[in-house]
Structures are given as structure tokens and as C-alpha cells.
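Inspection log for the structure reproduced underneath, given as C-alpha cells.
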Amino acid sequence: WDEPVVMELSAEGERGILIPEAEQAVRDAAANVYDTLPSSMRRKNAPALPEIAQNRVLRHYLRLSQENLGADLQVDIGQGTCTMKYNPKINDQLAYSPKMAELHPLQDESTVQGILEVMHEFEKIIKAISGMDKASFQPRGGSAAIYANAAVIKKYHDAQGNTHKDEIITTMLSHPSDAACAKLFGFKIITLYPDDDGYPDIEALKAAVSERTAGLMITNPEDTGIFNPRIQEFVDIVHEVGGLCAYDQANANGLLGITRARDAGFDLCQFNLHKTFSTPHNSGGPAVGVQAVTKELVPYLPGPLVENDNGRYYLNDDLPHGIGKVAAFYGAASVVLRAYAWVMNLGAEGLKEVAEIAVLNNNYLMGEVLKIKGSSAPWAKGKRRIEQVRYSWEELHRDTGIHSEQLGLRMADYGLHYWTSHHPYLLPEPATFEPTESYSITDMDEYVRTLKAVTEEAYSNPAIVRSAPHNCPIHKIRHDNFDDPERWAVTWRAYCRKHADSSNG
Amino acid sequence: WDEPVVMELSAEGERGILIPEAEQAVRDAAANVYDTLPSSMRRKNAPALPEIAQNRVLRHYLRLSQENLGADLQVDIGQGTCTMKYNPKINDQLAYSPKMAELHPLQDESTVQGILEVMHEFEKIIKAISGMDKASFQPRGGSAAIYANAAVIKKYHDAQGNTHKDEIITTMLSHPSDAACAKLFGFKIITLYPDDDGYPDIEALKAAVSERTAGLMITNPEDTGIFNPRIQEFVDIVHEVGGLCAYDQANANGLLGITRARDAGFDLCQFNLHKTFSTPHNSGGPAVGVQAVTKELVPYLPGPLVENDNGRYYLNDDLPHGIGKVAAFYGAASVVLRAYAWVMNLGAEGLKEVAEIAVLNNNYLMGEVLKIKGSSAPWAKGKRRIEQVRYSWEELHRDTGIHSEQLGLRMADYGLHYWTSHHPYLLPEPATFEPTESYSITDMDEYVRTLKAVTEEAYSNPAIVRSAPHNCPIHKIRHDNFDDPERWAVTWRAYCRKHADSSNG
Amino acid sequence: MSTTQKKTVYPYIPNSTPQARQFMLDAVNAKSVDEFYADIPKHLKLDGLLDLPAPKLSEFGLKRHVQKLLNKNTSTEDNLSFLGGGCYQHHVPSVCDEVNQRSEFVTAYAGEPYDDHGRFQALFEYTSLMGELLEMDVVNVPVYDGFQAAATSIRMACRYTGKRKALISGAINPDKLKMITTYCQADVDIHVIPVDQKTGGLCRASLKDLLDDQTAVVYFDNPNYLGVIEDGEAICSLANEAGAVPAVAVDPISLGVLAPPANYGAKLVTGDIQPLGMHMQFGGGHAGFIASHDEPDMVMQYPSRLFGIAPTEVPGEYGFGDVAFERTSFEKRENGQEYVGTAAVLWGITAGVYLATMGPQGMQEIGEGILQRNCYAKQQLSKLPGVNVPHFDQPHFKEFVVNFDDTGKTVAEINLALQEKGIFAGHDLSADWPELGQSALYCFTEVHTQNDIDTLCQALTEVL
Amino acid sequence: MSTTQKKTVYPYIPNSTPQARQFMLDAVNAKSVDEFYADIPKHLKLDGLLDLPAPKLSEFGLKRHVQKLLNKNTSTEDNLSFLGGGCYQHHVPSVCDEVNQRSEFVTAYAGEPYDDHGRFQALFEYTSLMGELLEMDVVNVPVYDGFQAAATSIRMACRYTGKRKALISGAINPDKLKMITTYCQADVDIHVIPVDQKTGGLCRASLKDLLDDQTAVVYFDNPNYLGVIEDGEAICSLANEAGAVPAVAVDPISLGVLAPPANYGAKLVTGDIQPLGMHMQFGGGHAGFIASHDEPDMVMQYPSRLFGIAPTEVPGEYGFGDVAFERTSFEKRENGQEYVGTAAVLWGITAGVYLATMGPQGMQEIGEGILQRNCYAKQQLSKLPGVNVPHFDQPHFKEFVVNFDDTGKTVAEINLALQEKGIFAGHDLSADWPELGQSALYCFTEVHTQNDIDTLCQALTEVL
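Protein chains in written order, with the working numbering: chain H, 719 to 1223; chain Z, 719 to 1223; chain C, 67 to 530; chain X, 67 to 530.
Below, the structure is given as C-alpha cells:
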């Protein structure tokens, strides 16, 4: 499809929908409704929204949807760290039910016992999986849960009078939000780099801890897929100086039912329901980040918590020492519903199967990828990985001049995702693949076959890779429009203003 | 997508879904359940269905869906006579409600008052639109309603003892089912051809009628879009010899609120809800053909009818003279629900707007199409059309050697439908376009622009048209596999048997 | 302030703006739309507007209006239901809904094998999957419902044999028999084979009496309308020996555990695919299939479209198209076979999704689970005082007859009392099957738990 | 006969077949999966299985289980609801549901602008449509909710001005204030401007007292939490004069009739798009927007992603990408602005569909209809004995405070009684707003008919 920007579809007078008009008696009663309004509060000109008939709006967005690659449509193992797994349709169906979709959050608790029960039961599940004592589903994303963990760490130390504790330690391969969220609370960030084997450097940690250490916020395995075997030592070292340890469990998919955050001594942790618990990514949310903590930290949780009093569920907002609110109402309850349904379908054996197959798939995939000329999996040589692998195309780049990013654009031509990695690149020419448990051997072989074909092109015909994409909805974008304030345009109105003469419309 | 046949996706042992297992006590009670079964009734080998995990099944069908051009996705005016109009999503939403989807047809009437009321109210609407006295929604398609009309004609004459009436008159440009369904009841078919102006030939009708004439089954306007101005004379002529007249209203979209079947004297008529009343075509059904008749013919209708007794709706199957059943239960009630919602949204003014804009659009489109070199609209020269036009590319074919069908394949390359016409081609190189009320000026202009581009290719580069499609999911199909019993294959198992060596699988 | 004076612009009609209307009128040089209706005689033209209810112009108003109507219904999600009789409550896998609600399939129609490749492939896959379930090589694009399929199979058999005598098992849905009678009236002589009251199956002795060398077809349902699994092999053998076509209607969901009729001699197999992934929709989820072996003489009798597979110009690529199209009324009008039109394609696609999702093991397990639940239900129900299961010793699939004569109550009374307890009881047979007394047809599928069956028994105990 | 002994093969896990597992183990030369966990110390490994409830392995069993739980809820489709307070019942156009349930959008995530072109374009269109509604040139990719947007706007203003004093209107959702307080604790000094009890609006005199040249931002909601439309121009002028950033949170659905804050001097505008096409979902339908003029110094303060449009190598073609990405924590970790992560993109796409469907006239009509209904409801409610509308003379949009002190009953009692009549009454303010006595916040939108409002009044009459 060669679909214009929606503003260009406007045709004077067309309507997409009609609005329920107030009855005559209501309109009569409100004849003077504008009179009490300060005149500056009355809108003078109608907003310049487009005027489009309903089927044209629909056609537009359906076409855009077809120009998008959902995980449902392809073998989505190229977005490593994102844990692109199958999002069962039955869970969506249940979430679309009016008994979920049409609930107002301020309804009397007696009228929402069902969803409260789901939240309470799912909290039990999270407790079992993490070993923690209490969980909150308030945060509306993984980073928001990291934020909430940082807030709890801050609040805890404030409550203890630990005003000197103003440093948070994290690692370079933990998610950027671990650093950024801690910073929000005024913490100084100390970032550990991996050692030569790719493990977080324990010596660096020892050097970093002090009385000022408020806490450790760390992923394990990191996005390399390498499990840090000395994780408990890390925790102990931080505990010794009175710091709290928060486990960023964004990469938990290979560990369900295998090992628990609490067992390694962590005080807090967080899970991304849209990754590990199979709820849809929704193009980037809505989502839920679960925050789970030990008994000692329960007083500091955000409110409200779901409690059960003799079979009656209620929302407990009586948390005088808590961090308060981290989101409107209770986060995304329908996401919790989906995750609950997913776990209830699998049970304990199923969750373990998830973890084991995710890991087995990943190691199988690694074997196949490493057969491709130009690839490597640096660090922890010869070791197995957990649920993903950070690869490097350093050799391919040296041989052909092709960058990892260019391979990705060429993969897009074949209808497959390919993600390099979060910046900064500690490894040269990185790429990260994570097959999860949702893909079959055939699927993985298909992905690898395509990847191999693309790398062979890099060797035999680098020009075609360098000039990719060729077979996408659009061609190479001129990036100089994105960083120059004179030229960037975040809305159509800005574009028309700045590029009036070059406009296509 | 280059998607294999579903059978090729099988991987041993994979499951797409798990089945609710009977409880232990139930299984115990049924330990000998197979013993009473004649051994020849027990299946020996599991059916050779593929074994596919759920997300792979889904991916397969989602990809196939993307390789399909629904009316939602494009400007679907190339399927003339099909009345491809917008199918409002709200109507689908309502039909998916469990209060509709999960009703069993044999529930007690007291538990289905809502849907019965919808059917009863919609019958009133059909009565208003057609002028008839009673309607049945039993037939599951337009042709099924034609069938039901033929059955009523037969039954009526049987009841009158008119055993000599064994001929049905129809026209060559009425739907083939008008002829075929009448034939089913043993009627001899007399087919009138259009006169030189494209109107059904009234002289031929006069010559055809006789004591043997059981009825007339006719479309108006025919698929040419030309309204037969002498329609009432046709009816009168047939009535004079004691025949019944059935109005095939497949092309009613331009006539809603303009003229009614009853007014022209018809005894029976039928509407296609999936055309005129905007219910989805569903790739070819489910659908509903409404059968509507005059008071005199009510006793012969199929059962049951929906009746109202003091506000209580019930199903009346006490029709001793009726034609009995024409479908299981009550036809496709959820289609009736959608059509009801569509009419209730528009009202009388809206329906008239539908008709007028459908006709206006069609005449606008005709003006634009006829500007294209090589096109013509034979018959009724210079006259307006109702809701569609049968065009001819005779001149273009003469100039370029390109057939209408080849233009269609090339249009497919541009993502647009194009339909020649029902066989046989009374006109050389026919094509039929019907814009309905659902497309805007911009949409029609876009279609015409593409059509013009294709015809220009026919003149400038006929080879590219002749070898189309180039840009479709697949390339030209080798048609010799479809008519030779040695080679045709209606199932994968037949294909594998007949083409074992050439199989791709 | 109010907009009521202005002309309504309809969201579904882009060109309903005054601007667009005028632009087009100008473009075609017309003064008003009346010009386009010049061919319609004045006296046939409607004066004023149709007499219709005031519209609900806003989508919200419409939604609320229709929802209010629908809320007058009580569905099988609200109540526990044991209704069967031709329409069945089964679990609809979520992937079936996901696929058949895809806009691309919902709004497609009659595109060509190139632009609508996906639809053609999905339908070919449907027939292929059904072919495996039925062990037959030819399956049609769906017809309206199982009734239509049965009626057509009888006409096909008559054309195939050149004879016009049809023997039809009486253990059939009475409405289906009505449909067949009307459909076949011109060319077929229908004879009904009585039901053996003891077994609830077709009376074999009567069949032998009726069967002769003029017989074109022996048609029966298996399992039959009363839920009894017939000895299909015995019946088909008799038919085949007499040179008649054995035509069997089968519930496709039974075929994971029951033999496909092809294996016991059937030459035409029909049925309804509603159980394979379709919601009941008050009877709107039906679609019929017809299957046979790949015998050209039989294939040429199909009125339906048949989609075949073929290679394209590109090696390794498949395309799809109509097989032997010239059979059809589309091609030959009254000289084609019967007639063909828009029927129930979306349900065919859906049944394909269903079978691909279920796989061989799913079909086997669901069949076995249904057999088990019926077995358990038969035992439990017949323990209740005054309740009898007349064909207790027969094998049943999905449903069986329950007789209440000894309770002194009518089925109508019992069902009403159960309805007040939130149970849709078995379908009342007393009107159509007086010879069964006060009997009802109870249906049990994989959606019923042991607890559901026990709940029914408990409720019956309280009611009787 | 039974399959219970066999290993479960999970439909969501293709390689859970024993064959696949063994094949892969062989391929990587491993004896068992334990090898992959070699890095996990033994004592950290879980012994045995997690303590979880028995699973519902079949999709049907799962569906029935969850449906049973959900059926314990009473929804706003079951009851008439007048709840607002930050989450609003509006009509969701069917096209919104159709688009946001598309598998391609639901299951997409972080693809590139080429393979996920559609998602980028849909989001750019969302920000463009919001830009027109707000008359501002910069709008972000949605953040979590309006709370987050408000909190971020305050931090943005502080960074922009280099100051740390924030004045926040007290007429704000108390939870939102809590969120802001926590979020801003490290770098912002929060001062709350009291509410003028007479008008229900921000107390202008207090604002003047608090405002000084150290003030970074004056933040207020308009309409405010109590439904009152503030005189935004007056407030923004004061802020601008003092060199503070006026930051306004607005209900976007009001902007067909109310002036966009940019027009009365606001420099940062935030809000929640839940009203624009999102179902309430027990509070799960929220997403926040932040908007400003296209001033580079302000743009660089955004923590969120900003999607820009750019030409491609092919003339006439557009592409989309991240504007000024180096602001973000994705790029600069703790040195980026605040933080960014997965938030609520699907709701942004949906709000775009909503605005494109509504168009200028739809937005104008819905706003006006809401004003009218509130006006009517105010009049009708204040006629009831003992019922007062304390800010009757103020302009209200969507909601207003209703006081029951003179009835001698508590809001809790009244609401319970109304609930028994199938009505969710206005949100009880008595705990959070003791100064308002026994008051509740009643909300009226386009989903309410005159009859609904009259029904409420009638029920109140019976209850009081």
C-alpha cells in the first residue's frame, strides 16, 4: 500500500461517526450553557482534524496494520531481549469481555470481586515464582517497576534515616532504566562493566561498595544470556554495607521454576508481564511491570494492595509509609488477567517447560547461528547461554565492511525482525536473538537460513545489503530530518510549517 | 508470504489445542464404552490431519488473510453486481455478542425474545421496502431465496390444481439461479434475450407466455444497470395467463425507497442482505436471502414464521400448505441482526440517500470510465444507469488484442478487483463496475486512474498486460489441472496421489 | 448551536455531503438524481419516505438500542444447556474466532485466484483437511447446511444411477426430511425406512423389504437423530449389493473415534460442519459438506464449486481454481447441476482452522471424551426414579433419548421447571415422535463437566 | 485409552514434543537441559515444582474458569454509572476496537521504521492529530497515563527554567498529587495552591502569594478534578508574568468546545487519552500525553520518544523515525532525561483512530453534548430535597460536586442504596475532601440520555 498520512485523506464535510445528540429538553435546559464560561475558555476555531468517512478511516488503518510485522505474522526471534512469545488469543478474548473492559476503577469493591480475585490469585503465583512476600501490579511497564523499586529503596533508607546512602550500583548490560530510574531519586549511579568473560565484574563491585551504597539494581542473566554464577555473592556484598538488592527480571523467561530471586537473597524484583508472562507487547504497551518485595519492604509499596478478608477482596490503601502512587488507579488490570490465564493454563510443570524449552531453543539456535561465516558469540567462550545470546558480526564486518545494522535492514526485506542491541555497543557489530519457547525447530531453521542468505549476500554482493531495504513498505529514510531543530517535525502541522514547499500533500 | 499448504506444516507430536478431559469418575463409568460399538464403526487409524502448534496455525491463516483483498482493504468497485459496500463494524460487534452467538435454536421461546423481536421488526422493514405482506429469512443466500420462490410458485400451482403450468420465463441477464432453481422443480425454462437496446424483449415475452406459463422470474435492473421501464407490463402479461411474478432484487441497492416490488405488481421477491443491506460477504457466505410475498402466497411460505402475540414473539410452524423447510432452523439470524442494525442506523431518509448516492456514484463513474480510450457502454445509448454498468472493451480488444480478462489480471497487480461478468458474454469483452454508495469521489477517481493506466499499458506495452499478474501472491496458474479428471485434485490427498513425483512437499 | 437543521451526513456514505453530491451532478451534467430514475414510470415511484422507525443515527444510540434487545435473550453462556438435535454447543477455539473475524476474510467475496489467493488456499485446505477426516478425495466448497448437503446428495445419487427411488432412514431430523422432500420433489421418489423402536436405529428388515434394483440411494444419518450409532457397514453393504448408492450423513466431530463412512462402504458422505468451530448463533453457524471418492462420473454430479490445486508458472508455487466449472449453473444456467450461489464459505475456512488446530490427537480425544460423558450421563440419568433411557444398550454419540413417562409429568412441564433453575433441558420430542411418549433428546459434549451432569441429575430429582 | 500417563505437549510450546527436545539436545550435544543451567549454583536451584494451582490445560477449561471469575463482576454495561474522577465512560467507536485488536498491532513491539512502518506512521498520525486538537507542534509517544505525564511536565518545566519550585493546584486528583510528589521528590519543591471553596477552582489570591521569581511551573488541571472549568487565561498570565512555565492538564475530549491551553498561554499541556476510544478496563485504558510548542530547549527536555516524519530516497514517500533520540535514557542511561520504556503505544494508535473518526465536527458535538447534559443534570439534581450543587454557578465539563449534607445521610449510605437499584452513583469525596462534607463527584457524558439522568433523580428521590 502507498498510504498517505491520515491528514491528507480529509474531504470537506465527511463524517466518520455521528454523536448521540442530547434530547430537546436537555438542550433547552442548557440553552445558556456557554454563558458561564470565560470567553477565553471557549474554543474559537474547530480543531483542524481531517474529515473522513468511516470506511476510509478503517481502510487507512487496516492498511497500516498490514504494513507492520507483528509477532503473530513471522518468526520473531530477531528482537532479542524483548522475549517475543506467543500471546494466546483466548487470553485476549477474555480480556475483551465487558466484564473486564467495562469496569470503572472506582466501583464499589463488592461489584469487582472477580477481577480483585484474579489479581490476588496472580499475586500468589508471583510470590511462588519469585519467593517474595508481596507483589504490586501498579507499574504500567517494566521500567515503571524499576522506577517503583528505586522509589522503595529510597523510601526505605529515608525511613531508616540512612541519609548518607546515595549511590546505586548497576551494570552496563542491565537495562538503561535501572540507571535512569535510580538517578531520578537523586542517587549517584555506579556502573560496573563486564569482565573479560562477560560476567559482571565482582572485583569492580567490591571496589564500588561503601557506606554510601543504597542498593544494587541488576539484571541476571544480562542481555548476553550469560548467567552470573556469583550472583549471591553480589547480593551479599551489597547487603554487608546495608544496601538493598533489586533483581531486574526482564530476562526471567529461562528461569521460571528453575531459580527464584529470593533464593539468591534479593530484596526486590520485577517482572515484565508482556515479556515473560506472554501478554501482548501491543506495539509498546499497555503493559505491566510486577514489583515484588520481601516482608520487610511491604510497608513501602505503592498503594493500593489487593487483600483478602475472609473471602472478601478489597483494596488496601492504608499504607502511610508507602511510596504513594506510581500510576493512576491500579495499573493495567486486563494485562494481569491475561498473565493469570497464561499461568493457569500451564501450571507448574508447564512453566518449567517454558523455561527449559526457551533455553534449549536458544542453545540450539546459537549452534546454528555460529555455523554462519562471520558470526561469533564473544565472552564466556564455549559456555551455554540461558535464554538469549549477544552475537557479534565483527568478523563479517572486517571481511565485507557490512555493519550489523545493515544486515538488519536486509533481513527486513525478507519480512524478519533483526535487532542489534541497546546502545552503547560493548561488543562490535552486535546482534541479539532470543527464540523463546514459542518457536519450533522449523521456525528457527527458517530464520537462520535467511540470516545465512543475507550474510552470504554481504560477502558476494555487499552493495545489495548496503542499499537495503528494497522490499519494505518504504525506502531508506533521510535521517537528517530527525536531529536538526530546523527540520524535525513531530506532527504534521510542524511538517507543513517547516517544509511547506517540499510537502507531498 | 510464501506460505505452504497447511498439511506441509505438520511436525510429529505438536498440538494446537488441548481438549477438556473427562473426570476420572466419568472415565471409569465409561471404561467399556467401546464395547457396544460395532467394530466396523470404530476408527482404526487416526485421520491424517497435520500436527501443528497453535501459533503456527495462527500464523498460517493470518498470512493467508493478508493474501486476500477484502472490501475493507481496497476500493472494491470492480466486482460489479456484487454490491460491495461498507459493512459497519459495530454490526459485527453486536453479532459477536454471546447473547447472539451462543443461542441454541431450540431454546424455549421465552429465552430468545430479543432475537425474535429483531427478526419480527426487520420483517416489518422489509415489508415497508418491498410493499409485500410477509417475509421469511430462512434462505441462507440469494440463490436459496430464488429457490424458495420457485418452490412457492410450484406449490401454489399445485394447490390450485394448475398441473399444466410447467414453464418459467426468465431473462438471459437475470442471475443464472433464476433459471437453475426453477428447473429443479421440473419447470421448463424459457429465456428471453435483451432487445437491441438491452432491455428485456417484451415481444419475446408475449410470444413466450401461454397457459403453460407458471411464472416469471426476473431481475430489474439487470446486471447492465438498465432499468426496464415496461416492467409492469411484463408482470401484467404474465398475470393475464395466470402466472406468478417473482422479482429477483439482487440489484435493489439503487431502488431503496424509490420504487417497490409490489407496486409493479410482483407476487414474490427476494433481497440479498449481504448485498443491499450491507452485511458482510464473508468470502461467500454465510448470508441471508429474504423471501417476501403477497398475502395470497403466505400459506405457501417455508416455516417457521416469526409472529407476535400480544408482545410475545413466537415461531409459527403451523403451515400445513407451506413448502416446508428450506434450511436448518431459521437461517442465519446473526445476518438478520446486522441488517436490522444497518437499517435502524439509517432510517427512511438514510436508505433513500443510499439509493441516490449509489446511483449518482455509478453515473459519475460511468462518465469517467467512458473517457478511457477503448471503453464503451453498449445498449441504451446515452441513457443513465441505475446502480451498475456493463461496459465493453471491444474497441480496446480490437486495437490491442488484449481481453477484458487480461485487464482484470493486470488490475490485480495494482491491488484492485475487476470482474468481467457472468458467462455467457452477451457483450464482447465485458466488465461490470458498481461503486455503491460506499465510495467517495476520490476512491472512484483512484480506481479509474488505475484502470486508465492499465489500458494505456494495453496500448503501449500489451506484453506486460498479457503476462500479468506480476505482483500478486502467485503467478499464472496452469489451468490444465482443473478440467482433466486424471489431473484435477480437490484435496491434498488427491494431489499427492496423482502428482506424487511433482509434489513440492 | 444545534445542528438538527442541517442535512445529515452519513458516516457510511462518503458522498452524502452536499458538496460531493453537487460536484458529481455537475460532472455528469444532471440537475438532480431524479434524472437517473427517468426509466422508472412515475406511478411506480414512491411518494415520500418509507414508513420505517426513527433511526438511531449515532453509533452509540444504535449500539444501546440493539444491546437492549439482545439482553432479552438468555444464552447458553448464562444457562447450562443440554440441547442438541442438529445444532451443538462445542468449545470454539480462540484461533477460529481470530481468523474468521479478520476483516480480509469477512469483507471479501468473489475475487480471482490471484488477488484472493488466501481465500482460495484456505478453502482448498479446508477440503483437504475434511478429506483426511472423511478419507475421501473430493469435498466441495460448503453449501448452506447439512440439510442442503443431504438433499443434494440424494439428487446426486439419482443422477449418478439414473434411477429415482430414494430410501431414507426415518431416524432423521424431521425438518431435514421436510427439506429433502421439497427439494427432491420433481425427480425423486422418497420412501422412509421406519425406525426400529427397540434400538432407535434404522429398521434393517424394512430396509431389505424396500430395497430393489430401482433404488438409487439409501440415505441415513450416523449417528442418527436419536444419537444412536448405526451399524453403517451392514446398511451400506445392503445398499451396495442392490446397486444403490449408500449416502451417509455424519457428524464430523465424531470422526476421531468413529469410522469414516468411506471405510464402511459409503459412496456419498454429507454433514454439517457447525460443530467444527462455529458458534451456534441461533442456528446461524451451519454449513454443509458433500464428499465422495474421486470418480469422475460422481464428481460431475456436484452442483457446488470444487477448488483444485495446480502449479503456477513458477516452480514450487501453487495456485487454486475451479475444477470442472462447466458442471455448475454459473456456467450452464438451468443445464448445470441443481444451482449454486453464495453459501457459507467463511464457515468452511473456520472449519479448516479448527481441524488444523485440533490435529489427529485432538479429534480423537474430543470424540472419546464425548463418548465417555454420554456413557456416564446415561448411567446417572437412568438411576433417577421414573426416568428411562429407552435405547440404553445402544452405542450413542453426543445425544440419546430420555423418557419420562413413568414420572407422570410431561417433558414440557419438566423443561419449564428446569429452565427456572437455569438449565436448558433436552429437546422435547413428544410432538414429532409421539411413539416415544414423553421423551427428550439430551446432548452431552466436551463442554460438560461431571459436575454439570450431576447438577442436571440433582435438578431433575428436585423437579420430578 | 487414557492419555494421562503421557507427557503433556503444550500448544503454546511447539518444541515440547519429546521428539523435538531430543533432536535439539542431540544437535547441541547435551545430555539434558540441566547443562544449560550449569552456571546456576546448585543451592539456588529450585527443588521440585513451583507451588501453583493445578492448571486448566484445555482452552475450554481455562475459558470457563476465568469466565466464572469475571462473572463475579458487575460492569457499567450491567449498571447505570455516574462514576468519573479520572476514568470515563464514553462510547468507543467500533473502528477503534477493530484496529486495536488487529493482530499486527497487538503483537508488534520494537521493529524498525521499515519493517514496522505502519506502527510508526500510525503513531506519527496520533501525535499529528493531537497536535491539531491542542494546537501545539510537539506531542510525545504516549507515556503510562495522565499522572505520569503531569509529573514529567513538572520536571520538564524545572529543567527548562533551571528552578525547582512548583506550584500545583489543589483541585487535583489526590492520587495524582501523591504520584507527582514521589516522582519529583529529588529535584522539585512542591507547593499546593489551595482550592477556593466557593468556586471549586484554584484560589487565585493564594496563587499570587505563592508565585515568585523562583517558581519553575504553575500546574493545574482544566477542567479540574471537581469538574470546574478554570479561567485558564488568568492563571497562565500570572505564571507567564512571573517567568514560570504554565503547565495545564486537560481532558482532550473537551477540546471541541473548550479552548486548547496553548491558546491561553500554556507552555506544557498534558492529559490522559483514555476518553479517546479506550475502554475503562478497571483503570487499564490510560495513557498520557505531553505537548509543547516546537521550542528546541523544551523539546530536549522530553524523556519520551518523539516520532518525526522525513522523506525517503524515493520522492513523494515518507518515513518515520526518532527525533532527538540522544535525549533519552535508551541512549544515555542515567544522563538521559528521566527514563523511558514500554508504555502505552496501542492506546496512542487507538486515540489516533478515534480522532480521525470523530473529525472536527464530532469533537465539537461531543463536547457540546457533554456540557448540555451536565447543565441539565445540575438543574435536576439540585431540585431534589436536601441535595445541593455547591459550585452550581461555575461552568462544568463532564462532572460536578453534589452535596448531601442536608439529607442527613452519608454518601456511603446513599451510594449503597443506589447500587441496589442498579446504579453506580458518583464517587464519594468525603474521605479525600472532608471540607466538602458528604459530597460525591457525579459524571455525565454522551453515553447518558435524558432518561438516564431522570432515572438517577428518581432513584435518589426514593433513596433519600
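A virtual CB, placed ideally from N, CA and C, is assigned to each residue, including glycine.
- In the structure shown, L986(Z) falls within a strand segment according to DSSP collapsed to helix, strand and coil.
- Only those residues of the segment 725-747 of chain Z whose C-beta falls short of 9 Å from the nearest C-beta of chain H are listed: L727, A729, E732, L736.
- Between the segment 1059-1075 of chain Z and the segment 267-276 of chain C, the count of C-beta pairs closer than 8 Å stays below three; the two stretches do not touch.
- Within its own chain, the residues whose Cβ lies closer than 6 Å to the Cβ of K803(H), once the five positions on either side in sequence are excluded, are S996, T1154, S1156, listed in chain order.
- Taking the CA atoms as reference points, L962(H) sits about 6 Å from A932(H).
- Residues of the segment 773-798 of chain H whose Cβ lies closer than 8 Å to any Cβ of chain Z, in chain order: N773, R774, L776, R777, L780, R781, Q784, D790, L791, Q792.
- DSSP places Q1009(H) in the strand class (E or B) of the three-state scheme.
- Scanning its chain for C-beta atoms nearer than 7 Å, with the 5 sequence neighbours on each side dropped, one finds no residue around T408(X).
- Looking at the DSSP output, A357(C) sits in a beta bridge with V205(C), V335(C).
- Assigned with DSSP and collapsed to three states, A932(Z) falls in strand.
- DSSP places N763(H) outside any alpha helix (DSSP H), giving it a letter other than H or E.
- N1000(H) sits in coil when the DSSP states are folded into three classes, being neither helix nor strand.
- For N517(X), the enclosing alpha helix (DSSP H) starts and ends at 516-529.
- For the pair S1001(Z) and R185(C), the Cα-to-Cα distance works out to about 7 Å.
- Nearest Cα to P1148(Z) within the set P756(Z), E726(Z), D941(Z): D941(Z).
- Shown here, A376(C) sits in a strand according to DSSP, grouped into three states.
- For the options G788(Z), L1078(Z), S1185(Z), Y752(Z), the alpha carbon positioned closest to that of A325(C) is the one of Y752(Z).
- About 7 Å separates the CB atoms of P208(X) and I339(X); that is less than 8 Å, so the two are in contact.
- Of all alpha-carbon atoms in Q367(C), K333(C), K398(C), F386(C), the one lying nearest the alpha-carbon of E201(C) is that of K333(C).
- At a cut-off of 7 Å between C-beta atoms, S1001(Z) does not count as an interface residue with respect to chain H.
- The C-beta distance from I220(C) to I259(C) rounds to 13 Å, too long to meet the 8 Å contact threshold.
- When DSSP states are grouped into helix, strand and coil, D966(Z) belongs to the strand group.
- The continuous stretches of alpha helix (DSSP H) do not include L507(X), which lies in the beta strand (DSSP E) extending over residues 505-509.
- As the crow flies, the alpha-carbon of E404(X) is around 26 Å from that of P998(H).
- The Cβ of S1156(H) sits closer than 7 Å to at least one Cβ of chain Z.
- Non-local C-beta neighbours of F213(C) in its own chain, meaning closer than 6 Å and more than five positions away in sequence, comprise K242, M245, ordered along the chain.
- In its chain, beyond the 5 residues on either side, G402, V406 have a beta carbon closer than 6 Å to the beta carbon of T394(X).
- A distance below 7 Å between beta-carbons, with the five flanking residues on each side excluded, links E885(H) to the following residues of its chain, in chain order: F905, K906, I908, R930, T931, A932.
- In this structure, the straight-line span from the alpha carbon of R130(C) to that of Q792(H) is close to 39 Å.
- Secondary structure at H838(Z): helix, using DSSP grouped into helix, strand and coil.
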